[in-house]
Each structure stands twice: as structure tokens, then as C-alpha cells.
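Chemist: Residue numbers (the numbering used here), protein chains in the order written: chain A, 1 to 530; chain B, 1001 to 1530.
For glycine and all other residues, C-beta sits at the position ideal for the given N, C-alpha and C.
None of the values given here were measured: they were computed from a predicted structure.
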């Protein structure tokens, strides 16, 4: 209405910062596109650098005073930016690849995070307590371990690509998602238990908590997705409305995330599984134009949110307030950052290689095993610490009003240093590392085996659905051994086969899905552009 | 990350309210769909009623205490909800219809708002000053006039439909958009001039201000749209990326609105013209899947924002704090509401009928004239006062901390009463009124003459563009009189013809647009689903 000139000056400041952020986002998109073919850069690093430059300009313009423009808000991050990214990842994930490696992903996400957390915490206790820069108790050290053991799923999406390295992507990204549930349990455990006395009972309690949280979060996401599929199938049958379908899918997905947060579950796990279920059922119940719209809208929202996060982290890094406290002892901050980086490197190495070895033992064919080169990339790509670590560090070290303590200020600046360093250095080097270790020829063949069941391969389902599902079922049905024997020999495939049979017989007739929704009269592309 | 349980309780309250709102939005969409064929209801009234019911439930649950869940935020409304609605209206508007009635729309929006404002202000001065319920000065009465003279474009979208009554839609909605610029000028004038002494100099100053504001706001929107078209045409030529294109269009449109607000211009005018330019140029420069995505995404966002606004207004209406002050004198509030309603009815009648008469004088063919029945609908449909009036009333009567004054409390409750009454009563009766006055047969013929140039008719441009533009040009070129003589006889068509020639010769080669962007290799539907 143009009447905002009547309102107070704080509104004016927020209008200025919205203008700045939106303009910078446009800049990031354009520059990111121009640099697309560059072998080093990716969009996240571009956004980070643009954010840093803008921070410098603002700092110079405000003559060294801190600006309110730069305050990092956890709410903004966890409530608005993270859900679309994780949902889109679930929506576009290659489900076959993901579930084939499910056990390895669970190992990495649960056991791996614990190993990493233990090593970082122990290292922090041993080293930081001797450095005397702050007054931390054992709980603080364990929290530091949890903060830096958290893999950043958002960064993973930037450096690994589903089409180029599907196995690595599903392992590292899936680990990041499962990791979230582990982190929630860890944080709760640190708060409620006396972790200095670890006995088997606490460990059992911990495992029970993790399994409970993992199960409930997943079920909540699955229920939200199925409910959405059911509503659209029942209500919109025969008279589709693209706007309502798209709105309902977006809102239900968001609702699942917020409900999980409300119930103290893992929102990331919930919304990820909601995305998987929606792409398997709901997406096939809507019109062709709704399919195109949802696919691209979710991807666009995720893309904008990712760019925004990196821009934000870059701009926030230069907030002068944080650096003022450590200006008398820059050496300490550098030392703390280096120690943390070494602990992160060590902690990740300590679980990636042993767990990959274990996972390889269970697999028979050589093509399914994780090669040493792939292990190195898994180790490397998961080293990036991003906005998630930053938000957790802020939560831990700036809440309760004790930002002004020297120890807390050093932890915040060290986190920023670590985030900037790892994003830029590991981010820049991942692309060349993959090219070095895994020759491009190999990617091309693995990319060809894309899952026709996912929104990634738009249009294909309409043509090839019956052929594909039939070939999968019949191909495995010909020898027809007893299901139990097969479960023992090739477990993943049998689970998949049983699931497909169950899906076709019970789930799809109720919730819709590929081939189970009658075609709407009229052309699929033009029919219902309401 | 699921770590929000660590944060403070205020965050918990915001999570609860987000959950509630999102769940209610889902409910509104589903119920709205079920009631779609109902001849009385529309989506806005459904949302309003659901909001009211939820308000009652919350009131009962909190045992009469006011809840923070219910506070109406102007920022939320003007910064996040209004821009997508107005942008989408511009993006989907039938441009030919809109520009054909441009002069009438300007008359209604500028002169009409002034007439309405003068009548409501004078009536308020005459009546309210004798009622002695508050201590208002002349500026307050003029502000009351401005608040209730503002047509609510959002409500118009709900009761009039572009496809059914294109002339009425373009007149009433266009009036609402132009009205915004008038309101800004009016509010500024009330604040800066001594309006009690009106002399010709002030009137000239006022007209000058309006023209300046109208011109700069429009130009800003046009520049934003053209810039976006140019960037996409230059950068993405040959290698499209749907996600980037969609993101860029969304962000540039939003940027235009926020820039207008920053520069104290009319954001609504800016974003409306940005939408028109984007649908004319930018939309034709992107891939087929981007076109489908943008069309539906903008419509969906607008739809969700509209539903949210009505839900919000409904829930907010029952906030007990506001009603406490007038509990001793409910009669006054009812009287004030009734007087305001009568003034609004009178003020609108005072310009719709005379200005329609003037507009009809300038038109030669009977089919282009506004019939008396249509005038009645224009008068009726523009009577609805909605969230815009509410936001303005809040801005005027709750800012500066003097909410507790009795006069202000009465004005707020009267505004709420007027908004609820007009939305429900006029909203419910508009559909039957249109059916009564304009038989459906007539709509069908006018709906058939849809503009193939707009995103409303997806797919058509690719097939019929050359034929359409040729026929238009050649059809009028055959007699070929001098352009100036033609300008005097049939002004609108000549302006259109000159514009088309200018557009084809200078604008489209630079900014792209229908038929001026080479077809991307590969199938248009499947080619570039990045």
C-alpha cells in the first residue's frame, strides 16, 4: 500500500535489509550462472564470497560500527530456510539408490556421528582445558563435540551431485539426514544425563532413544506424505486444480516439519521422508502441469534458500562485535580453530574407513563395495561445516545472555573461521578431487541408471511405467526361491521385491502413485491449467 | 535440526502458531475445494469463517485471556502477503482489456478515490464530532476518510473473475491498483499540508504529486520487468536453467516492490506493472517448463496469501483486548460502524455513476459503454473493505502507543465490524447479483475474446503468435489513414496499433517476447528440465 513511510524507523531498516538481500540473491544467481562452467567454483562459494564482500562494504560504510543487518537468526535458518532444502532433497532423491545403501547410511549417520562426537569431545577436553581461555565444564565440551560432529547436508548438496556420483551422494547426504536424529538425541542426553559416568544402562537408554526418535520422526513424515496423497486422490479426482494441489503439497510438507519440531522430533528426518513419500505417491496423483510446477518450485525454493544461507553466513562472518573480544589474543582463536579442524578431520577419518570396511564385508559383488578412493571422497566431502554448525554454536554460546564471556566469544569466532575455511577450501577442492580419483567415464555409466520413479526423470513415467515395474518384478520372479532363503542371500533386493509387491497390492490402490491414477480426460499437458 | 527444544519459550509459541496457521490453511484449501460449486460461498468467506471459529476456540481454551497468536502484523501483510497477490494479478491480467479501459480506470482510481475520500471525511467530521466518543482532530477525520476510501484489490479478486466478467474485473481491480497511488499521496498530503485551508495551489501541488508518484512507480516496475527480461535473454540463451529463471523472476518482482517501498513510492503499482511487463517479455524468454512453473507458482503463492489474509482477519477479529474497551458502550460501536458503512456506500455511489457517465460519453460503440447494470456491480463489488483497510486502521489508531484511548478502540472495533460485515455480506451477494443482472450467456461470449498474449492462455502463443499479430496489424493497416487523424477518431485502438509497431520494431528485439526468442533445440516440453 505504500504506506510504510508512516511506520517506525525499525521497519525502514528491515526494508533496507530485505532490499539488499534480494538484490544480492539476484546477483548471486546471475554470477553463479556465469561461473557455472568454472572447474573450481560452485554456487555456494560464490554466494559466500559475495556475502563477505558485502560485509566489508557495510563495515566500511558504517565506519567500523556493527550493523543490525548482520545478525544471524537461528529461527530464520531452522524455520524457513532449512525445510525447503531438505524436503527437496527427499523429493528428488533417487529412492532405489538410497534404500539400497540404507544400512550403510544408518551406520554412518548413527554410529559414525557418535564416534566423531566422542573423538572431538575427548580431544577438546584434553587440549582446551590446558589452554585456559574460558571456563567450560564437561557439558560444554560434549556440546562442542556435538556441534562439530554434525555433517552439513546443505553443503553436501553443493559439492556432490546425484547424477554424477549417485553412490557417494546418497551415502554422504543420507548420513547428514540420519545424523540429525543422532544430534537431537545427543543434545538431549548431554542435558539430562551425567555423561561423565558412562555405564551400559545409559548406553542402552541412548540407543533406545535414538531408535524411538528415528522411528517416530520417519513415521510422522510418511503419514504426512500419505495423507496428502490420499486427500488429493480422493478430493481432486476428475476435477483437478493445479494451484490447490501445489499449495496443499507445499503446506503439508511444511506442516510435517513444524509438527516434528513441535513434538521435539527430528524435523529434518521427518521432512526428508515426507519428500520421499510425496514423490512416490502424491506426485503421481496430480496433473501434468502440477508435476512440472512442484518439481521446479521445490527445486527453486531449495536453490534460493541455499544461496541465501551462504550469503548470510558470509555477511555475518564480518560482524565486528564478535571479533572485538578476541582482538587482544588473535593467536588463541587461530589455535582453537586449527585444533578443531584437526579433530574434525581425525573424527571423520575414524569412522568413515572402519565403517566402510564393515559395510564392504556384507556386500558380495565388487561393484557394490565402496572403493578406497570413494572412501576418501566420503571422508573429504563430509568435512565441510556450514550453517548448521554455525546455528548450533550460536545456540550454545550466545544464548542465556553470556555472549560477553571471553571463552564463548572465542568459540563463536573459531566456529566462523572453521566454517569459512572448510566451505571455501574443501568446497573448492572437492570437484577437482572427484575428477582426480574417479575418472568422468565412470560417472557417465552410473548416471545412466537413473530411477524412473523419481521426479528427476519427468515425463518418463507416463511412457515406461508398466514396462519398468514389470521387468523389475518378473526379472526377479523367474527363479522364485523361497522368500526367506532369498532374504538371507541377497537381502536388499529381496526387501525391495517384497516392498514392491506390498506397494502394488495395498499401498498404491489406496494412495495412488504411478500407474494407479486414471488419466484425466483431455491432453495431460493442456487439460487442467486452472 | 530438531534442536529448537533448546531455545526459549517464545520460539515455542511461534512454532505452535505456525503449526496452527499451516494446518488451518490446509483445511481452508480442502473445504474451499469441497464448496467450490456452492453458489454462495467463495474461498475468502470460508477462510474468514474458519478463522472466526478458530478464534472462538482459542478464546474458550485460554478462558477469555487474549492470546499473542492473534496480533495482526502490518509488516507481515504489506511485506510478505500483498506483493505476491498484486504481482500475480498483473502477471495474469488480460492486458488488452486493461489498457483499453485505461482512462476509465485512471478516472475511477484517482478522481473516484478523491470523491469518496472527501465524502467520507466530511461525513465523519459532521457526524462523529457530535457523537463525542473520542478526541479526534481534523487530521484524524481525513485519515478515516482515506482508510475507508481504499478499495481492497484482494477482495475484488475473490468476487469478480477475469474470465467471467472481464470488463468489470479490469475496471474494479485496476481502480484498486491506481487507488494505491492516490492513497499514498493523500496520506502524505494529510501529514504535510494544512488541509483545512484548501486553495488552488494546494490542489495543483496534489495533482502534481499524484502524477509524479504514478509515473515513477510505473516506470520502476517496468524497468524491473525489462531488466529481468534482458538478463534472462542475454544470459540464458542456449543453456536454460529452469530453477534459476524462476528464482530470478520471483526475486526481481519482489525487489521491485521492496524498492518502491524503500523510495516511498506505491509498491502495489510498481509490482503490478512489473507483472504486466514480465508476462509480456520475460515469460516468453524462458523454457516451456519455466513458463508452466512460473504461471502456477505465482498463482499458488497468491492463492495461499489470499487465504492466509482472510484466515488472519477472521482470527484477529476476536482478540478480546480490542473489545474490552467498548464493552461499556456497545451501542456507540454499532452506531459508528453503521455510519461508516453508509458513508462508504454513499461515497462510492457518488463517483461510480457520474464517472461511468463521463466515460460512456467518450465511447462510440454501445458494446464498449458501461451499462447501468454493470455500474451497479462496479459500485457493489468495490464496497468490500478488507485487510487493507484493517492494516491502515491499525497503523493509524494503534501506533504511537495510544491504543488505550477510547476513541481509538472504538475506531478499531468499528473497522473490524465493517470489514467482517462487508466481506461476508457483499462477498456472499456479489455472485448472485452478477448472475441476476448479467445473464451467464453474455459472459461466455466476452470470455471467449481472451488475450493470447497473456500467461492465461498457455500453449496458444507457440502456435498462433504470427497469425494473431499479423492479423491485428494488417487488419488496421488496410485503410491506412494518417496516424494523427486516427488518433482523434479511435484513440485507444490507434495507441494500441502504434504501441504494437513500436514493440515489434524496438522493444522485442532487445527484450525478447513472443516470437522473438529462437526456439531452443529439442522438444519445447521436454527439452530443458534442468
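What does residue 1026 (chain B) touch in chain E if you count any residue whose Cβ is under 8 angstroms from its own?
Modeler: This model lacks chain E altogether, as its protein chains are A and B.
Chemist: Quick one: list the residues of chain B neighbouring residue 57 (chain A), beta-carbon separation under 8 angstroms, in chain order.
Modeler: One-based indexing of the first chain puts residue 57 (chain A) at position 57. In chain order: nothing, as chain B lies at least about 18 angstroms away.
Chemist: Just to confirm, are residue 423 (chain A) and residue 44 (chain A) a CB contact at a threshold of 8 angstroms?
Modeler: For the purposes of this step, residue 423 (chain A) is taken as residue 423 along the first chain, with counting starting at 1. For the purposes of this step, residue 44 (chain A) is taken as residue 44 along the first chain, with counting starting at 1. Contact flag set, yes.
Chemist: With C-beta atoms as the reference, is residue 421 (chain A) less than 8 angstroms away from residue 318 (chain A)?
Modeler: As a working note, residue 421 (chain A) is residue 421 in the first chain. As a working note, residue 318 (chain A) is residue 318 in the first chain. No.
Chemist: Can you list, in chain order, the residues of its chain whose CB lies under 6 angstroms from that of residue 97 (chain A), leaving out five sequence neighbours each side?
Modeler: As a working mapping, residue 97 (chain A) is identified with position 97 in the first chain. If we look at residue 97 (chain A) and ignore the five residues flanking it on each side, its Cβ neighbours are 166, 170.
Chemist: Quick one: grab the DSSP three-state call for residue 415 (chain A).
Modeler: Working through the first chain from its first residue, we reach residue 415 (chain A) at position 415. Here residue 415 (chain A) sits in helix by DSSP.
Chemist: Measuring straight from C-alpha to C-alpha, what distance separates residue 1059 (chain B) and residue 1235 (chain B)?
Modeler: Stepping through the second chain from its first residue, residue 1059 (chain B) is reached at position 59. Stepping through the second chain from its first residue, residue 1235 (chain B) is reached at position 235. About 55 angstroms.
Chemist: Can you name the residues of chain B whose CB is closer than 9 angstroms to the CB of residue 244 (chain A)?
Modeler: On the first chain, residue 244 (chain A) is found 244 positions in, with the first residue counted as 1. In chain order: 1029, 1030, 1032, 1033, 1300, 1303.
Chemist: Name, going along the chain, the residues of the segment 1261-1273 of chain B whose beta-carbon falls closer than 7 angstroms to a beta-carbon of chain A.
Modeler: Residues 1261, 1262, 1264, 1265, 1266, 1267, 1268.
Chemist: How is residue 1360 (chain B) classed by DSSP in three states: helix, strand or coil?
Modeler: Sequence index remark: in the second chain, residue 1360 (chain B) carries index 360 (1-based). Helix, per DSSP.
Chemist: Output, in chain order, the set of chain A residues within a Cβ distance shorter than 7 angstroms of residue 1297 (chain B).
Modeler: As a working note, residue 1297 (chain B) is residue 297 in the second chain. Correct list: 293, 297.
Chemist: Just tell me which of B:1391, B:1115, B:1258, B:1180 has its CA closest to the CA of residue 1355 (chain B).
Modeler: For the purposes of this step, residue 1355 (chain B) is taken as residue 355 along the second chain, with counting starting at 1. If we check each option's Cα against that of residue 1355 (chain B), B:1115 comes out closest.
Chemist: What is the DSSP secondary structure of residue 500 (chain A), reduced to helix, strand or coil?
Modeler: Locating residue 500 (chain A) in the first chain gives position 500, where the first residue counts as 1. Three-state result, residue 500 (chain A): helix.
Chemist: Say whether chain A places a C-beta atom closer than 8 angstroms to the C-beta of residue 1088 (chain B).
Modeler: For the purposes of this step, residue 1088 (chain B) is taken as residue 88 along the second chain, with counting starting at 1. By this cut-off, residue 1088 (chain B) is not an interface position.
Chemist: Nearest by alpha-carbon distance to residue 1509 (chain B): which of B:1407, B:1282, B:1306, B:1347 is it?
Modeler: In the second chain, residue 1509 (chain B) corresponds to position 509, counting from 1. Residue 1509 (chain B) has its Cα closest to that of B:1282, out of B:1407, B:1282, B:1306, B:1347.
Chemist: Going by DSSP in three states, residue 1175 (chain B) sits in which element: helix, strand or coil?
Modeler: The count along the second chain starts at 1 and reaches residue 1175 (chain B) at position 175. Residue 1175 (chain B): helix per DSSP, three-state reduction.
Chemist: Residues of chain A with CB under 9 angstroms from residue 1241 (chain B), in chain order?
Modeler: Counted from its first residue, the second chain places residue 1241 (chain B) at position 241. Simply 33, 36.
Chemist: Could you tell me which of A:26, A:38, A:20 sits nearest to residue 1244 (chain B), measuring between CA atoms?
Modeler: Mapped onto the second chain, residue 1244 (chain B) falls at position 244. Closest option to residue 1244 (chain B), Cα to Cα, is A:26.
Chemist: Just checking: is the beta-carbon of residue 144 (chain A) within a distance shorter than 8 angstroms of some beta-carbon in chain B?
Modeler: Position 144 of the first chain holds residue 144 (chain A). It does not: the Cβ of residue 144 (chain A) has no partner Cβ on chain B nearer than 8 angstroms.
Chemist: So which residues on chain B does residue 22 (chain A) lean against when the C-beta distance must stay under 7 angstroms?
Modeler: Numbered from its first residue, the first chain carries residue 22 (chain A) at position 22. Neighbours of residue 22 (chain A) on chain B, chain order: 1251, 1254, 1255, 1258.
Chemist: Less than 8 angstroms between CB atoms is the rule here; does residue 285 (chain A) satisfy it with respect to chain B?
Modeler: As a first step, residue 285 (chain A) must be located in the first chain, where it is residue number 285. Chain B contact via Cβ: absent.
Chemist: For residue 512 (chain A), which residues in the same chain have their Cβ closer than 7 angstroms to its Cβ, ignoring the five residues on either side in sequence?
Modeler: Residue mapping note: residue 512 (chain A) aligns to position 512 of the first chain, counting from 1. Excluding positions up to five away in sequence, the list reads 229, 233, 281, 284, 285.
Chemist: Please classify residue 1150 (chain B) as buried or exposed, where buried requires at least 16 neighbouring CB atoms within 10 angstroms.
Modeler: Here the question's residue 1150 (chain B) lines up with position 150 in the second chain. Counting Cβ neighbours within 10 Å, residue 1150 (chain B) comes out buried, since at least 16 surround it.
Chemist: Given the structure, does residue 1121 (chain B) come close to the ligand ADP, in the sense that its CB is under 7 angstroms from one of the ligand's heavy atoms?
Modeler: Absence of the ligand ADP from the depicted structure is noted, as is the absence of any ligand whatsoever, leaving it without description.
Chemist: DSSP state of residue 338 (chain A), grouped into three classes?
Modeler: Numbered from 1 along the first chain, position 338 holds the residue referred to as residue 338 (chain A). DSSP places residue 338 (chain A) in helix when its eight states are reduced to three.
Chemist: For residue 1327 (chain B), would you say it is in contact with chain A, using Cβ-to-Cβ distances shorter than 8 angstroms as the test?
Modeler: Your numbering for residue 1327 (chain B) matches position 327 in the second chain. False, the Cβ-Cβ gap to chain A never drops below 8 angstroms.
Chemist: Please specify which runs of the alpha helix (DSSP H), each continuous and at least 4 residues long, are wholly inside the segment 1218-1282 of chain B, giving them in chain order.
Modeler: Listed in chain order, they are 1242-1262, 1267-1277.
Chemist: With the cut-off set at 8 angstroms, would you say residue 246 (chain A) and residue 300 (chain A) are in Cβ contact?
Modeler: Numbered from 1 along the first chain, position 246 holds the residue referred to as residue 246 (chain A). Numbered from 1 along the first chain, position 300 holds the residue referred to as residue 300 (chain A). No, the Cβ-Cβ distance between residue 246 (chain A) and residue 300 (chain A) is not below 8 angstroms.
Chemist: Using a Cβ-Cβ cut-off of 6 angstroms (strictly less than) and excluding sequence neighbours within five positions of residue 392 (chain A), which residues of its own chain qualify?
Modeler: Start at 1 with the first residue of the first chain, and residue 392 (chain A) comes out as number 392. For residue 392 (chain A), where only same-chain residues beyond five positions count, the Cβ hits under 6 angstroms are 147.
Chemist: For the candidate residues A:496, A:388, A:497, A:374, whose alpha-carbon lies nearest to that of residue 436 (chain A)?
Modeler: For this step, residue 436 (chain A) is matched to residue 436 along the first chain. It is A:374 whose Cα lies nearest to the Cα of residue 436 (chain A).
Chemist: Please list the residues of the segment 1378-1407 of chain B that have a C-beta atom closer than 9 angstroms to any C-beta atom in chain A, keeping them in chain order.
Modeler: Those residues of the segment 1378-1407 of chain B that come within reach of chain A (Cβ to Cβ, closer than 9 angstroms) are 1388, 1391, 1392, 1395, 1396, 1399.
Chemist: Among the residues of its own chain, which have a CB less than 6 angstroms from the CB of residue 1479 (chain B), if the five just before and after it don't count?
Modeler: Position 479 of the second chain holds residue 1479 (chain B). Low local confidence applies: a pLDDT of 44 at residue 1479 (chain B) is under 50, so the model's placement there is unreliable, and no value is given.
Chemist: Return yes when the Cβ of residue 177 (chain A) is within less than 8 angstroms of the Cβ of residue 210 (chain A), no when it is not.
Modeler: Numbered from its first residue, the first chain carries residue 210 (chain A) at position 210. Numbered from its first residue, the first chain carries residue 177 (chain A) at position 177. It is not a contact, given that the beta carbons lie outside the stated cut-off.
Chemist: So, does the segment 253-267 of chain A touch the segment 75-87 of chain A, judging by three or more C-beta pairs under 8 angstroms?
Modeler: Yes, they touch.
Chemist: Flag residue 121 (chain A) as yes if its beta-carbon sits less than 8 angstroms from any beta-carbon of chain B, otherwise no.
Modeler: Locating residue 121 (chain A) in the first chain gives position 121, counting from the first residue. Chain B contact via Cβ: absent.
Chemist: Any idea what DSSP makes of residue 1370 (chain B), helix, strand or coil?
Modeler: On the second chain, position 370 is the one that residue 1370 (chain B) refers to. In the structure shown, residue 1370 (chain B) sits in coil (DSSP, three-state: anything other than H, G, I, E or B).
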